[in-house]
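Q: Structure in structure tokens, see below.
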Ligand SMILES: [Zn+2]
């Protein structure tokens, strides 16, 4: 596996929408102070229509860097409020309608305030495809979750930015889940100390009677590893995985999307159990012998914007296939899942 690097996709040759923006980008680059690229500059660029149709590795990396710079941001922390503001401002900057799904997670340590963030992109149809990832970090001293929390949030943002000015066949909700991580232990509370945000959203949509509008869900998780290798997630819906893997192969990304299979418990399961076709894209092989996962080695230097870009691009380009499949439900047999 070739280690992936950041910065390979600066689109200097793309004309900016205005002279001011191009100059702002150039200034940031020339000064070589990414931290100094002001929020203003980012917002200007973010509000512009994406013409490439592709995610941008540098932008993806910058999202992770900014989230990591907030320090640990587990559910209910002061720092996660800053993460929420950042994510919401980005999504609004892309011209999307942003709403909050605020609730209390009943955890082994009591009630914890949590917030899912939802940005809507209206499509031709009212039926919805969800593109999702979590942004909370595991409750652990010093844990910043560059990959586990950071990369998934960055991928949702980048996918949203690229698609924001399009009118897709299906309505798309970009959803950032809170409370994916366990507060004490994944198996605590009879296995319910996890995936608070996705479980809450499913029950909320059920109560509102809108869950039947949700036709598919793509989940990003830990897709920022420099050494990107994603296995077919065995709990996901086979036709969804097939559509994404077919697209990956067509883009010559088969070395990142492996044919082997692995089962992962994650935010996709509450939706799958409610009858929604799902695909969990997760690289659960992070560092030597997976040693960066849930340790304080999950840091910015182990994450690549290029990896995030690759996964976003595959999903963006797989969407027409997914839509086509949804248009023809006869060809979409649901996997029978034992509960
Ligand atoms: Zn985790």
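Residue numbers (the working numbering): 24 to 362. We put the beta carbon where it would ideally sit given N, CA and C, even for glycine.
(1) Quick check on the DSSP output: the beta strand (DSSP E) that includes residue 142 runs from which residue to which?
(2) Spatial neighbours of residue 146 within its chain, please: CB distance less than 6 Å, with the 5 preceding and 5 following residues excluded, ordered by chain position.
(3) Residue ranges of each alpha helix (DSSP H) run of no fewer than 4 residues wholly in the segment 249-276, ordered along the chain?
(4) Going by DSSP, which residues form a beta bridge with residue 123?
(5) Could you tell me the distance, in whole angstroms, from the CA atom of residue 232 to the CA atom of residue 90?
(6) Does DSSP classify residue 163 as helix, strand or coil?
(7) Distance check for residue 238 and residue 349, CA to CA, integer angstroms please.
(8) Answer yes if the segment 313-328 comes into contact with the segment 270-288, meaning at least three C-beta pairs across the two stretches below 8 Å, and no otherwise.
(9) Give a yes or no on whether the C-beta atoms belonging to residue 198 and residue 141 are separated by under 9 Å.
(10) Terminal residues of the continuous alpha helix (DSSP H) containing residue 109?
(11) Would a C-beta distance cut-off of 9 Å place residue 206 and residue 121 closer than the cut-off?
(12) Leaving out the 5 sequence neighbours to the left and right, which residues in its chain are closer than 7 Å to residue 61 when beta-carbon positions are compared?
(13) Would the beta-carbon of residue 97 fall within 9 Å of that of residue 160?
(14) With ligand 1 as the reference, list in chain order each residue whose Cβ lies under 6 Å from any of its heavy atoms.
(15) Could you give the DSSP three-state label for residue 187: helix, strand or coil?
(16) In three-state terms, what does DSSP make of residue 296?
(17) Out of curiosity, what's the CA-to-CA distance linking residue 293 and residue 242?
(18) Tell me the residue span of the beta strand (DSSP E) that contains residue 302.
(19) For the candidate residues 178, 296, 162, whose alpha-carbon lies nearest to that of residue 336?
(20) For the putative contact between residue 265 and residue 157, defined by C-beta atoms under 8 Å, what is the C-beta separation to the nearest angstrom?
(21) Do residue 119 and residue 150 have their CB atoms nearer than 9 Å?
(22) Leaving out five residues on either side along the sequence, give the residues of the same chain with a beta carbon under 6 Å from the beta carbon of residue 343.
(23) DSSP beta-bridge partners for residue 196?
(24) Determine, using beta carbons only, whether residue 322 and residue 167 come nearer to each other than 9 Å.
(25) Roughly how many angstroms separate the alpha carbons of residue 162 and residue 215, rounded to a whole number?
(26) Below 8 Å on the Cβ atoms is my guess for residue 169 versus residue 329; work out the distance and round it to an integer in Å.
A: From the atom records:
(1) For the purposes of this step, residue 142 is identified with residue 119 of the chain shown, where counting begins at 1. Its beta strand (DSSP E) spans residues 133-144.
(2) As a first step, residue 146 is located in the chain shown; it is residue number 123 there, counting from the start. Result list for residue 146: 191, 192, 193, 194, in chain order.
(3) As far as the segment 249-276 is concerned, its whole alpha helix (DSSP H) runs of at least 4 residues are 261-273.
(4) Walking along the chain shown from the start, residue 123 turns up at place 100. DSSP output for residue 123 lists 140 as bridge partner(s).
(5) Walking along the chain shown from the start, residue 232 turns up at place 209. Walking along the chain shown from the start, residue 90 turns up at place 67. If I take the Cα positions, the gap works out to 34 Å.
(6) Residue numbering aside, residue 163 sits at position 140 when the chain shown is read from its first letter. Coil, per DSSP.
(7) Reading the chain shown from its first residue, position 326 is the one you call residue 349. Reading the chain shown from its first residue, position 215 is the one you call residue 238. Roughly 7 Å separates the two Cα atoms.
(8) no
(9) The residue you call residue 198 lines up with position 175 of the chain shown. The residue you call residue 141 lines up with position 118 of the chain shown. For residue 198 and residue 141, yes; Cβs fall inside 9 Å.
(10) For this step, residue 109 is matched to residue 86 along the chain shown. Its alpha helix (DSSP H) spans residues 101-116.
(11) One-based indexing of the chain shown puts residue 206 at position 183. One-based indexing of the chain shown puts residue 121 at position 98. Cβ atoms of residue 206 and residue 121: not closer than 9 Å.
(12) Mapped onto the chain shown, residue 61 falls at position 38. Confidence at residue 61 is low in this model, with a pLDDT of 36, below 50, so the placement of that residue should be treated as unreliable; the coordinate-derived value is given next. Cβ within range, chain order: n/a, list empty.
(13) Stepping through the chain shown from its first residue, residue 97 is reached at position 74. Stepping through the chain shown from its first residue, residue 160 is reached at position 137. Yes, these two residues count as a Cβ contact at 9 Å.
(14) 161, 171, 204, 317
(15) Position 164 of the chain shown holds residue 187. Residue 187 falls in the coil class under three-state DSSP.
(16) Within the chain shown, numbered from 1, the residue matching residue 296 stands at position 273. Three-state DSSP puts residue 296 in a helix.
(17) Taking the chain shown and counting its residues from 1, the one referred to as residue 293 is at position 270. Taking the chain shown and counting its residues from 1, the one referred to as residue 242 is at position 219. Looking at the two C-alpha atoms, the distance is approximately 12 Å.
(18) For this step, residue 302 is matched to residue 279 along the chain shown. Its beta strand (DSSP E) spans residues 301-305.
(19) The residue labelled residue 336 in the question sits at position 313 within the chain shown. Of 178, 296, 162, the residue nearest in Cα terms is 178.
(20) As a first step, residue 265 is located in the chain shown; it is residue number 242 there, counting from the start. As a first step, residue 157 is located in the chain shown; it is residue number 134 there, counting from the start. Residue 265 to residue 157, Cβ: 25 Å. No contact.
(21) Taking the chain shown and counting its residues from 1, one reaches residue 119 at position 96. Taking the chain shown and counting its residues from 1, one reaches residue 150 at position 127. Not in contact: residue 119 and residue 150 (Cβ atoms no closer than 9 Å).
(22) Working through the chain shown from its first residue, we reach residue 343 at position 320. Once the five neighbours on either side are set aside, residue 343 has no close Cβ partner at all.
(23) Taking the first residue of the chain shown as position 1, residue 196 is located at position 173. Looking at the DSSP assignment, residue 196 forms a beta bridge with 143, 153.
(24) Position 299 of the chain shown, counted from the start, is the residue given in the question as residue 322. Position 144 of the chain shown, counted from the start, is the residue given in the question as residue 167. Result yes, Cβ atoms of residue 322 and residue 167 sit closer than 9 Å.
(25) The sequence position of residue 162 within the chain shown is 139, counting from 1. The sequence position of residue 215 within the chain shown is 192, counting from 1. Computed Cα separation, rounded: 16 Å.
(26) Position 146 of the chain shown, counted from the start, is the residue given in the question as residue 169. Position 306 of the chain shown, counted from the start, is the residue given in the question as residue 329. In fact, because the Cβ distance is near 14 Å, the residues do not count as touching under 8 Å.
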